[in-house]
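>
Residue numbers (the numbering used here), protein chains in the order written: chain X, 1495 to 1856; chain R, 74 to 297.
1. Using the Cβ count rule (16 or more neighbours within 10 Å means buried), how would you classify residue 1570 (chain X)?
2. What did DSSP end up calling residue 1514 (chain X) once you bin it into helix, strand or coil?
3. What runs of the alpha helix (DSSP H), each 4 residues or longer, lie entirely inside the segment 1621–1694 of chain X?
4. Starting from residue 1524 (chain X) and walking both ways along the beta strand (DSSP E), at which residues does that stretch end?
5. Counting only Cβ-Cβ distances shorter than 8 Å, please list the residues of the segment 168–200 of chain R near chain X, keeping chain order.
6. Step through the CB atoms of chain X and report whether any lies within less than 9 Å of the CB of residue 295 (chain R).
7. From what residue to what residue does the alpha helix (DSSP H) around residue 111 (chain R) run?
8. What residues in the segment 210–225 of chain R have a beta carbon less than 7 Å from any beta carbon of chain X?
9. In the DSSP assignment, find the unbroken beta strand (DSSP E) run with residue 1556 (chain X) in it and report its ends.
10. Classify residue 165 (chain R): buried if its beta carbon has 16 or more other beta carbons within 10 angstroms, exposed otherwise.
11. Give the residues of chain X in contact with residue 100 (chain R), contact being defined as C-beta atoms less than 8 Å apart.
12. Can you tell me whether residue 282 (chain R) sits near the ligand MG, meaning its C-beta is under 8 Å from at least one heavy atom of the ligand?
13. Where does residue 1574 (chain X) sit, in a helix, a strand or coil, going by DSSP?
14. What whole-angstrom Cβ distance do residue 169 (chain R) and residue 122 (chain R) have, given they're in contact under 8 Å?
15. If you drop the 5 nearest sequence neighbours on each side, which residues of the same chain put their C-beta closer than 8 Å to that of residue 1574 (chain X)?
16. Step through the CB atoms of chain X and report whether any lies within less than 9 Å of the CB of residue 299 (chain R).
17. Just the Cα atoms here: how many angstroms apart are residue 1663 (chain X) and residue 1682 (chain X)?
18. Which term fits residue 1585 (chain X), buried or exposed, when burial requires 16 or more other beta carbons within 10 angstroms of its beta carbon?
19. Under the rule that 16 or more other beta-carbon atoms within 10 Å means buried, what is residue 1505 (chain X), buried or exposed?
20. What separation, rounded to the nearest whole angstrom, lies between the Cα atoms of residue 265 (chain R) and residue 203 (chain R)?
21. Looking at the C-beta of residue 1502 (chain X), does it have a partner C-beta in chain R at a distance below 9 Å?
22. Can you tell which of X:1708, X:1605, X:1616, X:1704 has its C-alpha closest to the C-alpha of residue 1717 (chain X)?
23. Going straight from the alpha carbon of residue 1576 (chain X) to that of residue 1625 (chain X), what length do you get?
24. At the level of alpha carbons, what is the spacing between residue 1638 (chain X) and residue 1823 (chain X)?
25. When the Cα of residue 1841 (chain X) is compared with those of X:1669, X:1693, X:1781, which residue comes out closest?
26. Shortest alpha-carbon distance to residue 1734 (chain X) belongs to which of X:1835, X:1851, X:1552, X:1610?
27. Helix, strand or coil: which one does DSSP assign to residue 1501 (chain X)?
28. Is it the case that the Cβ atoms of residue 1715 (chain X) and residue 1692 (chain X) are separated by a distance below 9 Å?
29. Start and end of the alpha helix (DSSP H) containing residue 1753 (chain X)?
30. Tell me, to the nearest whole angstrom, how far the beta carbon of residue 1545 (chain X) is from that of residue 1510 (chain X); I am working on the premise that it is less than 8 Å.
31. Since residue 283 (chain R) contacts residue 223 (chain R) with CB under 8 Å, what's their CB separation in whole angstroms?
32. Are the C-beta atoms of residue 1567 (chain X) and some chain R residue less than 9 Å apart?
33. Would the segment 83–98 of chain R count as touching the segment 172–179 of chain R if we require 3 or more Cβ pairs under 8 Å?
34. Closer than 8 Å by C-beta to residue 231 (chain R): which residues in its own chain qualify, once you throw out the five before and the five after it? Chain order, please.
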């Protein structure tokens, strides 16, 4: 299968990654600010050199001896602040990379690209008149116009205000899928990675820590650093004290939880005696009245006390003292039904597959 | 007033400006965008005429133009005349002497162009020369105008180099500034005064225009 394979070594970055050039198109490079994601992207673009190598399918782009300059790589590159040419009109910006086409074809391609990016109505405008969201659509059209073989997006939505970002996020995903161009998008925003990506590559401290579908990475982080950067609401230290045919018992403080690893998880399964991080996503924690009925078969039922309530849009985040700090998301009606107030007692209910264990270094 | 000298000065300044804009753009672009360390050496070389006494520059040019130097010999063999005390020699001297006045404003303007625009251009398939022509120069109009104006004015006002390299041949190398010197030497203070006043007013107008450009008052943003 055709792949982009890169070993990016530059300054403190030492990252190996591969990006499939067919199949679902969007790969997110996800990680905190300063983790080296942008460096990786710039090396893929050829804007920076690497002491490692970059190979696109069977073309060598950079291996220390061979170096293919950015203009010969056939890529589209989009940055946070659009970088549109301020002295050119929207049309001329989009036509900028189409110098090889005949004027007739160029005009057609400009209109096609603007339409694909949802920016057809901006064609006659001048760059200084565009809003942030409009400019980013035009920049996307400009990047798509020359039919790139690889699209590189560096925090494409980060410079936008929240409502514009939300609107553009959904559009961007459908444009990328419709174009079908292999795409690498750098982001530090979990929601953005979830909304855009078919595959997530987690970069921490200049190295690749985990690669997988958004679900795999965000629900089943592979190591404590990934746990931190993907923002698991509950991550508390514990120790494995029992293993009954794959059903692990974990001691957390005074409590004992049951955990079952989901088949195919990338995190190495811990053994009895291992120190672990116990990870539970807040959306996987249900709340039930004390000793009241709970649907189904959850293995973990923890008597807790409410210590914090905070609004999160449609949901309310409930911070609990369950012998350890545990967070849950509930809807507002559920909050009223259970009459949850600060200090109230409640049972937290967690299915065993939702308790994800990450081995800590000894 | 020596109108022949005025015309010669204008011709010399016009040609020098034209040549320098062509020469200075690639030099300034290289200095502004190259990551090589020895750009500083080239930058220092370009700035040398700012600090060197014109007589020193003139002296070296005379040596280079002489028949004992390979350049001077080659020129004499191909054209049959010498560079020293000729208009062409004067033009070469003026180009070198005014080089920093063309390069430095361009360098400042180029350095102010957002790097991301240059990267966008190269990712979109454009070579360096094409990027300079299509992105850097259009965004450096004020710098280009400043470079042209300063080069022109500086060439009109040069004296020492002209005296050393060109001498004082009417219609060939006798410029306005030499004419003033000549008038004073001949105790013709009236002519010297008129010519000096002309140069004074000219210089003042040019500098006012330059500072206005640098503040962007005359730099027209390309809007419809």
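Yeah, the Cβ is synthetic: ideal placement off N, Cα and C, and Gly gets one too.
On the basis of the supplied data:
1. Translated into the one-based positions of the first chain, residue 1570 (chain X) becomes position 76. Buried: at least 16 other Cβ atoms inside 10 Å.
2. Walking along the first chain from the start, residue 1514 (chain X) turns up at place 20. Residue 1514 (chain X) falls in the strand class under three-state DSSP.
3. 1626–1638, 1656–1673, 1684–1690
4. Within the first chain, residue 1524 (chain X) is the residue found at index 30, counting from 1. Unbroken beta strand (DSSP E) run through residue 1524 (chain X): 1520–1524.
5. 187, 189, 190, 192, 193, 194, 195, 196, 197, 198, 199, 200
6. As a position in the second chain, residue 295 (chain R) is number 222, starting the count at 1. Confidence is the limiting factor: at residue 295 (chain R) the pLDDT is only 39, short of 50, which leaves the residue's position unreliable, though a coordinate-based value still follows. Yes, because at least one Cβ of chain X sits closer than 9 Å to the Cβ of residue 295 (chain R).
7. For the purposes of this step, residue 111 (chain R) is identified with residue 38 of the second chain, where counting begins at 1. Counting along the chain, residue 111 (chain R) falls outside any alpha helix (DSSP H), and DSSP gives it neither H nor E.
8. Answer set for the segment 210–225 of chain R: 211, 212.
9. Along the first chain, one-based indexing puts residue 1556 (chain X) at 62. Its beta strand (DSSP E) spans residues 1553–1556.
10. Within the second chain, numbered from 1, the residue matching residue 165 (chain R) stands at position 92. The residue in question, residue 165 (chain R), is buried, as its Cβ has 16 or more Cβ neighbours within 10 Å.
11. Taking the first residue of the second chain as position 1, residue 100 (chain R) is located at position 27. Annotation: residue 100 (chain R) has no Cβ neighbours in chain X at a cutoff of 8 Å; minimum Cβ distance is about 22 Å.
12. The ligand MG is not part of the structure shown, which contains no ligands of any sort.
13. By 1-based counting over the first chain, the position of residue 1574 (chain X) is 80. Three-state result, residue 1574 (chain X): coil.
14. For this step, residue 169 (chain R) is matched to residue 96 along the second chain. For this step, residue 122 (chain R) is matched to residue 49 along the second chain. With 8 Å as the limit, residue 169 (chain R) and residue 122 (chain R) qualify as a contact, their Cβ atoms being about 7 Å apart.
15. Looking up residue 1574 (chain X) in the first chain gives position 80. Taken in chain order, the residues that qualify are 1648, 1649, 1650, 1652, 1653.
16. Residue numbering for chain R in the displayed model covers 74 to 297; residue 299 (chain R) lies beyond these limits and cannot be assessed.
17. For the purposes of this step, residue 1663 (chain X) is taken as the residue at position 169 of the first chain. For the purposes of this step, residue 1682 (chain X) is taken as the residue at position 188 of the first chain. Those two C-alpha atoms are separated by around 14 Å.
18. Against the first chain, residue 1585 (chain X) aligns to sequence position 91. Counting the other Cβ atoms within 10 Å of the Cβ of residue 1585 (chain X) gives 16 or more, which makes it buried.
19. For the purposes of this step, residue 1505 (chain X) is identified with residue 11 of the first chain, where counting begins at 1. So residue 1505 (chain X) ends up on the exposed side.
20. By 1-based counting over the second chain, the position of residue 265 (chain R) is 192. By 1-based counting over the second chain, the position of residue 203 (chain R) is 130. Distance from the CA of residue 265 (chain R) to the CA of residue 203 (chain R), rounded to the nearest whole angstrom, comes to 49 Å.
21. Taking the first chain and counting its residues from 1, the one referred to as residue 1502 (chain X) is at position 8. Cβ-Cβ to chain R under 9 Å: no for residue 1502 (chain X).
22. On the first chain, residue 1717 (chain X) is found 223 positions in, with the first residue counted as 1. Across the set X:1708, X:1605, X:1616, X:1704, the C-alpha of X:1704 shows the shortest separation from the C-alpha of residue 1717 (chain X).
23. Taking the first chain and counting its residues from 1, one reaches residue 1576 (chain X) at position 82. Taking the first chain and counting its residues from 1, one reaches residue 1625 (chain X) at position 131. Rounded to the nearest angstrom, the two C-alpha atoms are 11 Å apart.
24. As a working note, residue 1638 (chain X) is residue 144 in the first chain. As a working note, residue 1823 (chain X) is residue 329 in the first chain. If you take the alpha carbons of residue 1638 (chain X) and residue 1823 (chain X), they lie about 40 Å apart.
25. Along the first chain, read from residue 1 onward, the residue named residue 1841 (chain X) stands at position 347. When only C-alpha atoms are compared, the closest one is X:1781.
26. Start at 1 with the first residue of the first chain, and residue 1734 (chain X) comes out as number 240. Put simply, of X:1835, X:1851, X:1552, X:1610 the residue whose alpha carbon is nearest the alpha carbon of residue 1734 (chain X) is X:1851.
27. In the first chain, the residue the question calls residue 1501 (chain X) occupies position 7. Residue 1501 (chain X): strand per DSSP, three-state reduction.
28. Counting from 1 along the first chain, the entry for residue 1715 (chain X) is found at position 221. Counting from 1 along the first chain, the entry for residue 1692 (chain X) is found at position 198. Their beta carbons are not under 9 Å apart, which means residue 1715 (chain X) does not touch residue 1692 (chain X) by this criterion.
29. Taking the first residue of the first chain as 1, we reach residue 1753 (chain X) at position 259. Taken as a continuous stretch (DSSP letters only), residue 1753 (chain X) belongs to no alpha helix (DSSP H), being part of the beta strand (DSSP E) at 1749–1754.
30. Mapped onto the first chain, residue 1545 (chain X) falls at position 51. Mapped onto the first chain, residue 1510 (chain X) falls at position 16. With a Cβ gap of about 13 Å, residue 1545 (chain X) and residue 1510 (chain X) do not count as contacting.
31. Counted from its first residue, the second chain places residue 283 (chain R) at position 210. Counted from its first residue, the second chain places residue 223 (chain R) at position 150. Their Cβ separation, rounded to whole angstroms, is 6 Å, which keeps residue 283 (chain R) and residue 223 (chain R) in contact under 8 Å.
32. Position 73 of the first chain, counting from 1, holds the residue named residue 1567 (chain X). Closer than 9 Å to some Cβ of chain R, the Cβ of residue 1567 (chain X) qualifies, so yes.
33. Contact holds between the segment 83–98 of chain R and the segment 172–179 of chain R, because three or more Cβ pairs, one in each stretch, are under 8 Å apart.
34. Along the second chain, one-based indexing puts residue 231 (chain R) at 158. So the list reads 127, 167, 170, 171, 248, 250, once near-sequence residues are dropped.
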